[in-house]
Every structure is written in C-alpha cells, then in structure tokens.
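Beneath this line is the structure, given in structure tokens, with notes to follow.
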Amino acid sequence: MNIEQALFGAFAFLTLFSATMVIFAKSPIHSAMALVSTFFFLAGIYVLLWAHTLAVMQVLVYAGAIMVLFLFVIMLLNLGEEPSGPRLTLTRIIGGATALGLFACLAVALARIPSTVVDLGAQAQTFGTLETIGKAIFSTWLFPFEAVSLLLLVSMVGSVVVAKSRI
Amino acid sequence: MVPISYYLFLAAALFCLGMFGVLVRRNALVVFMCVELMLNAANLTFLAFARMRGDSAGHVSAFFVIAVAAAEAAIGLAIVIAVFRSRGSVNIDEIKTMKH
C-alpha cells in the first residue's frame, strides 16, 4: 500500500464519517461543524485527483464563505436542539430504503466503468493549475463565466429583497 | 495509484447520504446542508472524470457548480430567514402552505 492509497482511504473514511455526522447531529450547529470538516477532507481528495485549484476554492468558498453564512443564520435564528421523537418512523425507513436503492443502482453502473487513467504525459506539470483553468474559463467558457457573475449579482440582490422585512 | 472507480464510489456514497438527509431531516437548514453534500458529490464526480480523461473541462464545471452553490445558499438562507420571521419555525413539516 503506497502513500496515495493510504491518504485516499483516510480521507474517504473521514469524509463519509463527517457527512454521516451532518445528518445525525442533533443540533444544527453540530451539523454545520461536521459539514466544515467534510469540506476539508473533500479538499484533500481533490488534491489527490490533481485538482489543486479546486481544492483551494473548496476551502475558500465552501468552508470559508458559505459555512460562515450558514453559521451566521443558525446563530441569528437561535435554534436549539430538535425534540427527539420516535427513532424509526415511516419517513426514515422509506428515506433509508430509497438512498440504499439509489446507491445500489449507482454501484452497478459504476462497476462497469473501466478504471483506466489517461497518462497525463506532457501536461502533467500544468494539469489542474490555476493557469490552465483560468485560460479555459476566459477563452472557451467565457460566456458561462459572465452568466455566473450575473447569477451571483441577482442572488445577492434577491437575498436582500427576500430577507428584508420592509423595503 | 488509486483507481478512478473508487473516487466515483465515494461520490455515489456521498450523494446518497445527502439524499437520505434531505428526505429524513425536518430542519430546513440541515436540509440545505445536505443539498450542499449532494453538490459536493457531483463536484467529486466531475473531478474524477476530468482526471480519468486528462481534460480540464471537468475542473471548469466544478468551478461553476461551486459558484451556483454559493448563489443557492444565499437565496435559500434568505428564504429561511423570511419564513422564520413569519412562522417562528424552520421545521418543514409546519410549512405546508404558501399562505400565512
């Protein structure tokens, strides 16, 4: 077992463990903290996939900006722990069965994918760097990039309009 | 070298965990967090296929997913605040109608 496999195993286990904690934590604050650690471990997985730039963005945007927004709202609403009802309700049984069924279908489909990896060769030094992604965004993907900037502007104005009581 | 299918299995497991949370949890904020988990699973799939094919278009797609997730979080949390202000609760069982 080399270092990459060991790192992948550790990061994958910790990601799934923290994601489970997000769902089963009693208080929303604990869910949010578990979600932050999920994002950090996923960033580690991204580095293993040679996506260094996306790993940095994951930490900056997700674990930084979005989670600060979540924590801010949770503390603003001052939510306590949920009252614990019966543990095994019909909704939970059906939800669990649906999730397991979807995972089984996905696993059957994914098992057929050949796990051959393209040898990066000449682009091994540049694959996944900020320069490569920036060049792709500002040439091929320029219009989607501008559309996303418009989307962010609209969502910024919209969130102010929705959350403000009187305008 | 870790086979790419391991990354895809991890993404599938993460997506199913997020879907389970969306179906099961009743707190609107936790439901949003589970949607973020599902978006991250989609990102992981994009990056795994990008590495498999040696094509950086997957990285650009993941970048757009992150941007859309940020917009979705801003709007969604604003709606949660507005609902909490009018109903006094974020339990999605108690929010059944658009009327108040």
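Residue numbers (the working numbering), protein chains in the order written: chain A, 1 to 167; chain B, 1001 to 1100. Quick reminder that beta carbons are idealized off the backbone N, C-alpha and C, glycines included.
Contact with chain A by residue i, beta-carbon distance below 9 Å
i	result
B/Arg1087	no
B/Glu1072	yes
B/Ile1081	yes
B/Met1052	yes
B/Ala1042	no
B/Ile1004	yes
B/Met967	Outside the modelled stretch of chain B, which goes from 1001 to 1100, sits residue 967 of chain B, for which no answer is possible.
B/Ile1092	no
B/Met1019	yes
B/Ile1095	no
Inter-residue spacing [alpha-carbon to alpha-carbon] between residue i and residue j
i	j	result
B/Asn1040	A/Pro28	19 Å
A/Asn2	B/Val1002	10 Å
A/Ala12	A/Glu4	12 Å
A/Ser37	A/Ser155	26 Å
B/Ser1086	A/Ser165	10 Å
B/Ala1069	B/Glu1036	7 Å
A/Gly158	A/Val117	43 Å
B/Leu1044	A/Leu90	32 Å
A/His52	B/Gly1088	43 Å
A/Val108	B/Leu1008	12 Å
A/Phe17	A/Ala25	12 Å
B/Ala1028	B/Met1019	14 Å
A/Tyr46	B/Leu1047	7 Å
A/Ala124	B/Phe1064	23 Å
B/Asp1093	B/Arg1026	7 Å
A/Asn78	B/Val1090	11 Å
A/Val68	A/Glu81	20 Å
B/Val1011	A/Val160	A quick correction: the sequence has Ala, not Val, at residue 1011 of chain B. Cα to Cα, B/Ala1011 sits roughly 34 Å from A/Val160.
A/Ile137	A/Arg92	42 Å
Under 8 Å by beta carbon: chain A residues contacting residue i
i	result
B/Glu1036	Leu35, Tyr62 and Ile66
C-beta neighbour in chain B for residue i, strict 9 Å
i	result
A/Gln58	yes
A/Arg92	yes
A/Glu82	yes
A/Phe40	no
A/Gly44	no
A/Phe143	no
A/Ala10	no
A/Leu49	yes
A/Leu88	no
Residue i beta carbon near the ligand MN (any heavy atom closer than 8 Å)
i	result
B/Ile1066	Within the structure as shown, the ligand MN is missing, as the structure has no ligands at all.
Beta-carbon proximity of residue i to residue j, cut-off 9 Å
i	j	result
B/Ala1110	A/Leu49	Examination of residue 1110 of chain B is not possible in this model, given that chain B is present from 1001 through 1100 alone.
A/Gly44	A/Ala55	yes
B/Ala1042	A/Phe103	no
B/Leu1017	A/Ala10	no
A/Ala163	B/Ile1095	no
A/Val22	B/Met1038	no
B/His1059	A/Gly96	no
A/Ile113	B/Ala1073	no
A/Leu71	A/Gln58	no
B/Ser1056	A/Ala111	no
B/Val1030	A/Ser139	no
Chain B residues whose Cβ lies nearer than 7 Å to that of residue i
i	result
A/Met156	Ala1074
A/Leu110	Ser1005, Leu1008, Phe1009 and Ala1012
A/Leu106	Ala1012
A/Ser31	Val1030 and Met1033
A/Phe103	Ala1012, Ala1013 and Cys1016
Proximal chain B residues relative to residue i, where beta-carbon distance stays under 8 Å
i	result
A/Gln125	Under the 8 Å cutoff, chain B gives no residues; its nearest Cβ is about 13 Å from A/Gln125.
A/Leu14	Correct list: empty, because the minimum Cβ distance to chain B is about 11 Å.
A/Leu120	Gly1054
A/Ser159	Ala1074, Ile1075, Leu1077 and Ala1078
A/Ser165	Arg1085
Partners in chain A for residue i, counting only beta-carbon separations shorter than 9 Å
i	result
B/Met1001	Asn2, Glu4, Gln5 and Val117
Residues that residue i contacts on chain B, provided the C-beta gap is smaller than 9 Å
i	result
A/Phe70	Leu1029, Phe1032, Met1033, Glu1036, Ala1073 and Leu1077
Segments of 4+ residues assigned as alpha helix (DSSP H) that fall wholly inside the segment 59-136 of chain A: 67-77 and 90-110
Contained alpha helix (DSSP H) runs [length at least 4] in the segment 1055-1088 of chain B, N- to C-terminal order: 1057-1087
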